[in-house]
Every structure is written in C-alpha cells, then in structure tokens.
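Engineer:
In UniProt numbering, the protein residues as written are 1 to 168.
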C-alpha cells in the first residue's frame, strides 16, 4: 500500500466513523485530510482532494472551526484562507467531548429538569414509577456530566494518556 492509498483509506475510515461522534461524513473527511496533511490546506485544496463543492467545503470547515478542531493559518500576501487541524489527540478528544456534551447531554439534562417538575400525586403508583425513572436518569446524566467535565479539564499526563488510549 502506498502513502496516498493509506491516506485515502484513513480519510474514508475517519469519514465513516464521524457519525459516531456527532458529525457528518464530509466534515469528518475534511478533518481527516487536514489531520494527515503536512501543511495547511486551502478550501480549494479540500475541494480538489475530496471532490466536494465549495459550499460543502466552506460550511463544514466553519463547523470544524466552531468545534475547535481546525484553525486558520494566515499567510502574508495570500488572499486565500488556509486551514490546519488540531493534531494533539487529547485536545481533539476534549473538543469532541465538549461539543457532544453541549449538544446532547446538556440538552437532555434541561429536558429532564423540565419533565421533573410535572405535578402529580406522590401516592399514585404510575407517578411514582415515572418519578423514580426520571430521577435515576437524572442521576446518571449528572454523573456523566461530572466525568466529562473532568476529562475536558484534564492536563496531559501519563495517567490521562493511558486512560484515553483505552478509548481511542
């Protein structure tokens, strides 16, 4: 297998797995291409190498910028924007956790908090079952929130490197 073939396989694999961490295939492919690129790439480079439209490239790069997974690199005398991926996998993990937590867990917790205010008869078995289930889910969500917050705040260390390698 050549380097170009290996890069293409990585881009395909990363793109396919992107849905698992909350992004679309093209966004993950752009991220993968930037991860394996030795230098920053322009929107035109992304379009050509991934065979995608300018709008698709621009929209997904903006989203990657919002996630903190990609940065702009300014070049004197260049009008084009160039992009480079965050290559520290601990930082990439933090960015993904932060966005997934914000988009999914925080939203679920707000919904659960709202649902927990449902008035009802505490002696009603149906209400008791509902309330018990909601409370259990809220406790699980709170525990997950604490763990994810600690992971996002973790400093690079031997322990965290080993811990995160278990999941990566």
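For glycine and all other residues, C-beta sits at the position ideal for the given N, C-alpha and C.
#1: When you compare only the Cα positions, how much space is there between residue 88 and residue 104?
#2: Give every residue of the same chain whose Cβ lies closer than 6 angstroms to the Cβ of residue 6, excluding the five residues on either side of it in the sequence, and list them in chain order.
#3: Entirely within the segment 36-106 and at least 4 residues each: give me those alpha helix (DSSP H) ranges in chain order.
#4: Closest to residue 30 by C-alpha separation, out of 65, 148, 1 and 79, would be which residue?
#5: Whole-angstrom Cβ separation of residue 141 and residue 84, contact assumed at under 8 angstroms?
#6: Among 50, 109 and 150, which one has its Cα closest to the Cα of residue 4?
Structural biologist: So, to answer that:
#1: 24 angstroms
#2: Nothing listed; no residue qualifies.
#3: 43-50, 54-67 and 89-100
#4: 65
#5: Not confirmed; about 35 angstroms, so no contact.
#6: 50
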